[in-house]
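The numbering of the sequence shown is the working numbering, which starts it at 221 and goes up by one. Just so you know, even glycine gets a beta-carbon here, dropped at the ideal spot from N, CA and C. Note that this is a predicted model, so its numbers are computed, not measured. First the structure, in the form of structure tokens, and then the observations on it.
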Amino acid sequence: AMWTRLRRLARREPAWVRSPRAAAALRPVCDQTRVMLSGLCARTVANMLHALATMRLVRGGPWEPLWRDAAADVPGRLAEFNEQELANLTWAFAQSGAAPPPLMRTLSAEVRVRCGGVKPQKLAA
Numbered sequence: 221a222m223w224t225r226l227r228r229l230a231r232r233e234p235a236w237v238r239s240p241r242a243a244a245a246l247r248p249v250c251d252q253t254r255v256m257l258s259g260l261c262a263r264t265v266a267n268m269l270h271a272l273a274t275m276r277l278v279r280g281g282p283w284e285p286l287w288r289d290a291a292a293d294v295p296g297r298l299a300e301f302n303e304q305e306l307a308n309l310t311w312a313f314a315q316s317g318a319a320p321p322p323l324m325r326t327l328s329a330e331v332r333v334r335c336g337g338v339k340p341q342k343l344a345a
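The structure is reproduced here in structure tokens:
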């Protein structure tokens, strides 16, 4: 929920989110999220990465190690993600450019297998 709220703040205050002040304020949050990452539910992980990608918080800030950790954590947990979460996760990694090519291949294959019968409008919601 915190990352989704931050995304809403970014819509109202886009300059703040990309400021050094925001990076300093978000460092402890990013660090704590990294500690908790493997214990977070799939929905929370997908929503967090979607929010970070939407805000374009990928490189050059305290969120960069969070992307790296998520890229390492996600492949072993793919079965936990429902179709919507998987679509959001794949979009976030594709948008961010933070996923190594093997992860993108794995995500793409999983989307094809699990989301083949889902209407595109539902995935984009």
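- Between Ala273 and Phe301, the gap from beta carbon to beta carbon reaches 8 Å or more.
- Looking only at Glu233, Val331 and Val237, the smallest Cα-Cα distance to Glu303 is reached by Val331.
- Burial state of Gly259 is exposed, judged by a 10 Å Cβ sphere holding fewer than 16 other Cβ atoms.
- Linking Arg254 to Ala245 through their CA atoms gives a straight-line distance of about 15 Å.
- Close CB contacts of Val237 within its chain, under the 8 Å cut and outside five residues either way in sequence, are with Leu226, Leu229, Ala230, Met275 and Leu277 (chain order).
- Here Gly259 carries a helix assignment [DSSP, helix/strand/coil].
- In the structure shown, the three-state DSSP call for Val278 is coil.
- In the displayed model, Arg334 falls within a helix according to three-state DSSP.
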